[in-house]
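To start, the structure under review is shown below, and the notes come after it.
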Amino acid sequence: MIVAAVTLFMLNTMVKFLDKAAIITAEDQINSNGSAVNPWKLCSLQQVEEVKCLARVIPVWTSLIIFFVIMSQNSNAVFQALQSDRRLGNSNFKVPAASYAIFTMLTVSLWIPIYDKVLVPSLQKLTGKEGGITLLQRMGIGIVLSVLTMLVSGLVEEKRRNLALTRPTLGVAPESGAISSKSGLCLISQLVLTGLSEAFCAIGQVEFSYKEFPEKMRSIAGSIFFCGQAFSSYLSAFLISIVNRITARAPTGDWLSQDLNRGKLDYFYYMIAALGVFNFGFFLVCAERYRYKGDGEIKLPTDQLALEINKAV
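Position 76 of the sequence shown, counted from 1, bears residue number 951 in this note's numbering, the numbering being contiguous throughout.
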């Protein structure tokens, strides 16, 4: 007796109607090798299950676009550094503004081995799960950290601007404004949080896509990560355009002024943080309804497959 493995998406009622695509009717024509003459009218069970898998992965992927919007704000740290005290101690050496991004890279590079070699084994003993926590939980932690990143970034920028407006400055940055006496080292906190966010959520998404995509589509599973980044870039540019247009006529002035001391970059950070909170709520809804591939997997004799499909329909 031949036995076939079938993965049922029993809780995915929204795409339950797709099972009808695998039912042979009197109008369907079959080739001698068992394939459908018209694949647009009759699909294999495997094709139906692959479409179902995509239908469940896409909402989770959509909820992560806002996460990448938050991560893209990391570039603003360069402008903050330009108008901060970048001197090291009492020396005249100034850390290049763009070099502060290395703290994000170092955090990711250092945290990944610590997480894999130290935290994962400990979490596995506590939870009994592979990896210690699920991939969605890992991504959720990253989203929470991204919101915290924006809040810390806003507080740091508020302090930097207040010192620039109330204390003696250290000169003028080219094409920007007065340099605050606030040390540029204070930017490390938000950059480290950015690195932790990426280590949890971004890397978790890559692993999630690879494991949850249909086997025949694993070669393009990684591309969905970059598609999310692409969409987030357009969305981030759209948000910046809207904020510039609205705040240019506001009493508080342009939030994203070229001179950060005249702008309100901290307000922009807080707005993005609020957007991240709403996005986290959407992510929780998607994660709660999601069932990992393999959940509910059963093995049925081939002569019972059609019967089970008819029952599902």
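By construction, the Cβ of each residue, glycine as well, lies at the ideal position given by its N, Cα and C atoms.
Q: Would you kindly report the start and end of the unbroken alpha helix (DSSP H) that includes Ala1119?
A: One detail in the question is off: residue 1119 reads as Asn in this sequence, not Ala. Start and end: 1098-1122.
Q) Which first and last residues belong to the alpha helix (DSSP H) in which Asp1129 is found? A) Counting along the chain, Asp1129 sits inside no alpha helix (DSSP H), nor does DSSP assign it H or E at all.
(Q) Between Glu1033, Tyr1085, Leu1060, which has its C-alpha nearest Asp1138's C-alpha? (A) This sequence places Gly at residue 1138; Asp is not what is there. Taking only the C-alpha atoms, the option nearest Gly1138 is Glu1033.
(Q) Just list the residues that DSSP pairs Arg931 with in beta bridges. (A) Answer is none; Arg931 lacks a bridge partner.
Q: Decide if Val1067 is buried, meaning its Cβ has at least 16 other Cβ atoms within 10 Å, or exposed.
A: Classification for Val1067: buried.
**Q.** Proximity to Leu1060 [Cα-Cα], best of Tyr990, Ile1117, Leu985, Leu963
**A.** Put simply, of Tyr990, Ile1117, Leu985, Leu963 the residue whose alpha carbon is nearest the alpha carbon of Leu1060 is Leu963.
Q | C-alpha gap between Val1160 and Phe968, whole angstroms | A | 50 angstroms
Q | Cα-Cα separation, Gln1007 to Ser997 | A | The question names Gln, but residue 1007 is Gly in the sequence shown. Cα to Cα, Gly1007 sits roughly 7 angstroms from Ser997.
Q: For Ile1008, name the three-state secondary structure that DSSP assigns.
A: coil
Q: Return yes when the Cβ of Val983 is within less than 7 angstroms of the Cβ of Glu1082, no when it is not.
A: no
Q) Hey, would you say Val1027 sits closer than 7 angstroms to Gln1065, going by beta carbons? A) yes
Q) With DSSP run on the structure shown, which of helix, strand or coil describes Val1047? A) strand
**Q.** Buried/exposed call for Leu939, threshold 16 Cβ in 10 Å
**A.** Burial is judged here by how many other beta carbons sit within 10 angstroms of a residue's own beta carbon; Leu939 has at least 16 and is buried.
Q.
So for Leu893, helix, strand or coil by DSSP?
A. Helix, per DSSP.
Q) Helix or strand or just coil, what does DSSP make of Lys969? A) strand
**Q.** Contact between the region 1013-1024 and the region 915-930 (3+ Cβ pairs under 8 angstroms)
**A.** no
Q | Ile877 classed as buried or exposed, judged by whether at least 16 other C-beta atoms fall within 10 angstroms | A | Only weak support is given to the placement of Ile877: the predicted model assigns it a pLDDT of 43, under 50, and the value that follows is read from those uncertain coordinates. Classification for Ile877: exposed.
**Q.** Residues near Ser1108 in its chain [Cβ-Cβ closer than 6 angstroms; skip 5 each side]
**A.** none
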